[in-house]
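Residue numbers (this note's numbering), protein chains in the order written: chain A, 63 to 414; chain B, 63 to 414.
Take a look at the structure set out below.
Printed below as a string of structure tokens:
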């Protein structure tokens with residue numbers, strides 16, 4: 063074991079603060095990574111504040127962070143895919159059993175024995191996994207991704223969660239050229255959804271409650287912007303959408319979006335309103351529509367997404383912060399005051 | 063025009079009563095049918111009582127009935143598929159534009175200009191369509207179905223709505239041998255779902271709130287019965303179902319069923335609880351699950367269902383009544399007091 067600098071929270075109401083954590087020395091299958099940037103995902107905030115206690119109680123201290131970009135510093139003896147100096151990424155997963163039918167289908171996100179990058183049992187240490195708000199991390203090579211060298215690294219970090227979380231359902235539901243695709247909500251997830259849906263060739267419509275986001279939505283790749291509070295504007299799009307990506311994690315009227323789907327259209331939720339959504343049966347029955355959810359993606363698909371984003375020059379719009387501003391960033395994130403993702407410059411850890 | 067005996071309701075609180083209605087003489091494309099049996103669908107009751115006013119206000123007087131089996135008595139000059147004496151059926155649809163992409167895809171149930179068998183604008187008369195609680199009906203040959211001769215006709219009538227409403231989603235979501243399929247609710251729709259899913263080769267599990275339905279569920283073709291109020295029994299089936307057909311039209315906890323779906327599993331609603339269902343996002347996101355709805359089926363698929371049921375000797379379990387007992391039957395249907403569908407012997411119309 064070795065000591066690594068990190069930021070952790072000691073409890074649901076404690077601020078994140080500098081600490082030192084134990085990391086394992088790389089085993090023969092491990093890749094050791096110097097973390098350069100780590101995106102701040104809304105899940106980090108939910109986990110730190112134990113807001114998902116019902117589904118996934120937080121074990122303290124917690125070191126969040128699952129949008130990791132860094133350089134390989136060391137590799138185990140059997141590691142073939144990576145060498146020191148390689149630019150790599152780590153997302154939400156750091157382990158899985160590798161033998162179940164989900165793993166065999168390259169869908170490790172559904173493996174019953176998957177290990178999340180933080181707040182999961184750590185099979186090596188016997189403790190808990192610690193995430194990317196740290197100077198380094200050690201990860202099984204199966205869960206390390208190759209990051210295209212042409213990226214702005216601060217802006218690439220959010221691809222590891224926000225990117226794959228939006229790319230995966232867009233691909234799963236067959237979004238291609240000629241499809242009409244909606245994106246509900248223009249935040250960390252939504253702005254990635256717009257960029258990726260546009261690059262996939264779809265006609266992209268952004269739904270927002272804030273008319274002042276129109277210009278930005280168009281700049282990000284939307285072809286149309288609909289203010290969702292305007293019933294007349296909504297009605298114009300009735301029964302026309304092939305797919306809608308719903309990134310909103312607050313309560314909202316899902317039926318008004320279901321009614322916009324064409325026959326066999328689908329809405330996939332990637333945000334999770336805690337109280338649940340009221341769904342009218344007739345909104346589904348009328349057009350044989352469906353409402354789904356989707357969590358992150360498997361490793362093969364995450365690599366595919368990174369390569370796709372590399373080819374199309376897609377990264378997140380980020381505000382780069384030093385780690386010392388993390389608590390302020392969380393407060394701003396709570397108030398949706400960021401365009402569109404924070405990315406922590408991990409070099410700042412060394413300057414304290 | 064000619065006069066036909068029928069039963070109609072004059073208002074939302076009026077009983078159904080004997081009347082005489084005008085039917086058109088067959089045009090060159092029409093088939094005239096002597097109605098032998100007409101099933102009583104829960105939709106008939108909703109329509110008569112104007113309980114779906116929000117979606118489809120009832121125009122009075124209403125002659126319900128869209129589970130029609132009868133014999134051809136006359137055909138128009140260009141009709142090729144049918145001749146007098148043929149055994150035929152009519153379901154929920156009697157017309158559509160025939161030119162839209164839904165019609166071209168044999169999905170007339172989604173045609174924006176579809177005409178329902180009752181309570182829809184009648185293009186011929188300029189009035190309203192009248193359904194199967196009548197001695198005869200005149201229907202465009204495109205909307206007339208061939209009924210296998212081996213059927214018990216009283217028991218075959220409900221196939222025209224309850225049969226296709228359950229067959230269509232079972233087929234659409236790929237139910238075949240080896241799939242694990244749930245059926246929620248054992249009423250008119252549910253008991254057809256069980257028979258059809260069994261005949262498709264699936265492992266069929268019935269969910270019911272009434273333990274006393276167990277024996278009947280097994281007789282109908284279920285391989286297992288789960289009492290849905292028993293949380294332990296439910297938990298045993300977590301994450302194992304490929305597909306669940308939900309036939310319940312009262313409020314119920316849909317999340318407890320979503321949690322039983324395997325990855326990419328689907329629940330399709332064919333019942334319509336009026337207040338909507340509370341759906342937790344995590345129930346969908348966890349296994350990339352989906353919740354859908356499905357309305358009846360197109361003509362091609364309805365014929366396929368009739369042929370399938372003919373081959374597998376599947377009809378509804380019915381209680382045959384004379385038309386004079388219709389109001390009593392509605393009251394019993396309201397109380398779920400029928401196993402499992404009423405079928406009206408239309409010969410009774412002549413005995414009054």
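A virtual CB, placed ideally from N, CA and C, is assigned to each residue, including glycine.
Task: chain B residues whose Cβ lies nearer than 8 Å to that of residue 347(A) - done: 331, 332, 334, 355, 356 and 357, listed in chain order.
Task: Short Cβ contact (8 Å threshold) for residue 473(A) with residue 91(A) - done: Absent from the structure is residue 473(A), since the part of chain A shown begins at 63 and ends at 414.
Task: Backbone CA spacing between residue 247(A) and residue 230(A) [nearest angstrom] - done: So the alpha carbons of these two residues sit roughly 17 Å apart.
Task: Buried/exposed call for residue 63(A), threshold 16 Cβ in 10 Å - done: Counting Cβ neighbours within 10 Å, residue 63(A) comes out exposed, since fewer than 16 surround it.
TODO: Measure the alpha-carbon distance for residue 273(B) versus residue 299(B) and round it to whole angstroms.
DONE: The C-alpha of residue 273(B) lies about 17 Å from the C-alpha of residue 299(B).
TODO: Please state if the CB of residue 102(A) and the CB of residue 404(A) are separated by a distance shorter than 8 Å.
DONE: The beta carbons of residue 404(A) and residue 102(A) sit closer together than 8 Å.
Task: Whole runs of the alpha helix (DSSP H) within the region 96 to 145 of chain B, excluding any shorter than 4 residues - done: Complete alpha helix (DSSP H) runs here, min 4: 104 to 110.
Open item on the list: List, in chain order, every chain B residue whose beta-carbon is nearer than 7 Å to that of residue 344(A).
Closed with: Within chain B, the residues near residue 344(A) are 117 and 334.
- [ ] Kindly say whether residue 432(B), judged by its beta-carbon, lies nearer than 8 Å to any beta-carbon of chain A.
- [x] Outside the shown range of chain B (63 to 414) lies residue 432(B), about which nothing can therefore be said.
TODO: Look at the Cβ atom of residue 331(A), then the Cβ atom of residue 296(A), and state whether they are nearer than 8 Å.
DONE: Taking 8 Å as the Cβ cut-off, residue 331(A) and residue 296(A) do not qualify as a contacting pair.
Task: Spatially closest choice to residue 107(A) from 88(A), 133(A), 132(A) and 77(A), by CA coordinates - done: Distances from the alpha-carbon of residue 107(A) to those of 88(A), 133(A), 132(A) and 77(A) put 77(A) closest.
Open item on the list: Give me the DSSP bridge partner(s) of residue 406(B).
Closed with: DSSP links residue 406(B) through a beta bridge to 100(B) and 383(B).
- [ ] Kindly give me the distance between the Cβ atoms of residue 99(A) and residue 315(A), rounded to whole angstroms, as I take these residues to be in contact under 8 Å.
- [x] That pair is no contact at about 37 Å.
Open item on the list: Is the beta carbon of residue 253(A) closer than 8 Å to that of residue 282(A)?
Closed with: Their beta carbons are under 8 Å apart, which means residue 282(A) touches residue 253(A) by this criterion.
TODO: Give the range of the alpha helix (DSSP H) segment to which residue 316(B) is assigned.
DONE: First-last of the alpha helix (DSSP H) with residue 316(B): 316 to 320.
TODO: Pull up the CB-CB distance for residue 111(A) and residue 66(A), whole angstroms please, since I reckon it's below 8 Å.
DONE: The pair is not a contact, with the Cβ atoms about 24 Å apart (cut-off 8 Å).
- [ ] Report yes if the CB atom of residue 342(B) is closer than 8 Å to the CB atom of residue 338(A), and no otherwise.
- [x] Closer than 8 Å, so yes.
Task: Within chain A, partners of residue 325(B) - CB distance below 8 Å - done: Simply 164, 169 and 172.
TODO: Show which residues of chain B have a CB atom less than 7 Å away from the CB atom of residue 351(A).
DONE: The contacting residues are 354 and 355.
TODO: Report yes if the C-beta distance between residue 88(B) and residue 200(B) is below 8 Å; otherwise report no.
DONE: It is a contact, given that the beta carbons lie within the stated cut-off.
Task: Residue range of the alpha helix (DSSP H) that includes residue 392(B) - done: Boundaries of the alpha helix (DSSP H) around residue 392(B): 388 to 396.
Task: Minimum length 3: unbroken beta strand (DSSP E) runs contained in the region 245 to 324 of chain B - done: With a minimum length of 3 residues, the continuous beta strand (DSSP E) runs that stay inside the region 245 to 324 of chain B are 265 to 270, 286 to 289 and 303 to 308.
Open item on the list: So residue 134(A) contacts chain B; which residues on that side make the cut at Cβ distance below 7 Å?
Closed with: Chain B residues near residue 134(A): none, gap ~32 Å exceeds 7 Å.
Task: Contacts of residue 338(A) in chain B (Cβ-Cβ under 8 Å) - done: Within 8 Å Cβ-Cβ: 317, 340, 341, 342 and 343.
- [ ] Could you spell out where the beta strand (DSSP E) holding residue 81(A) opens and where it closes?
- [x] Per DSSP, the unbroken beta strand (DSSP E) holding residue 81(A) starts and ends at 78 to 85.
Open item on the list: In the DSSP assignment, the beta strand (DSSP E) including residue 74(A) goes from what residue to what residue?
Closed with: For residue 74(A), there is no enclosing beta strand (DSSP E), as DSSP gives it neither H nor E.
Open item on the list: Among the candidates 292(B), 352(B), 150(B) and 275(B), whose CA atom is the shortest distance from the CA of residue 307(B)?
Closed with: Comparing Cα-Cα distances from residue 307(B) to each of 292(B), 352(B), 150(B) and 275(B), the minimum goes to 352(B).
- [ ] Let me know if residue 128(B) comes out buried or exposed under the rule of 16 or more other beta-carbons within 10 Å of its beta-carbon.
- [x] Around the C-beta of residue 128(B), 16 or more other C-beta atoms lie within 10 Å, and the residue is accordingly described as buried.
Open item on the list: Are the CB atoms of residue 310(B) and residue 284(B) within a distance shorter than 8 Å?
Closed with: No, Cβ-Cβ distance for residue 284(B) and residue 310(B) is not below 8 Å.
Open item on the list: Classify residue 117(B): buried if its beta carbon has 16 or more other beta carbons within 10 angstroms, exposed otherwise.
Closed with: With fewer than 16 Cβ atoms within 10 Å of its Cβ, residue 117(B) is classed as exposed.
Task: residue 238(B) versus residue 368(B) - alpha carbon distance - done: Computed Cα separation, rounded: 18 Å.
Open item on the list: Can you look up residue 224(B) in the DSSP assignment and give me helix, strand or coil?
Closed with: Under the three-state reduction of DSSP output, residue 224(B) falls in the helix class.
Open item on the list: Please report the straight-line C-alpha distance between residue 166(B) and residue 204(B), rounded to a whole angstrom.
Closed with: C-alpha separation (whole angstroms): 13 Å.
Open item on the list: Starting from residue 372(A), trace the alpha helix (DSSP H) in both directions and tell me its first and last residue.
Closed with: Note, residue 372(A): alpha helix (DSSP H), 361 to 373.
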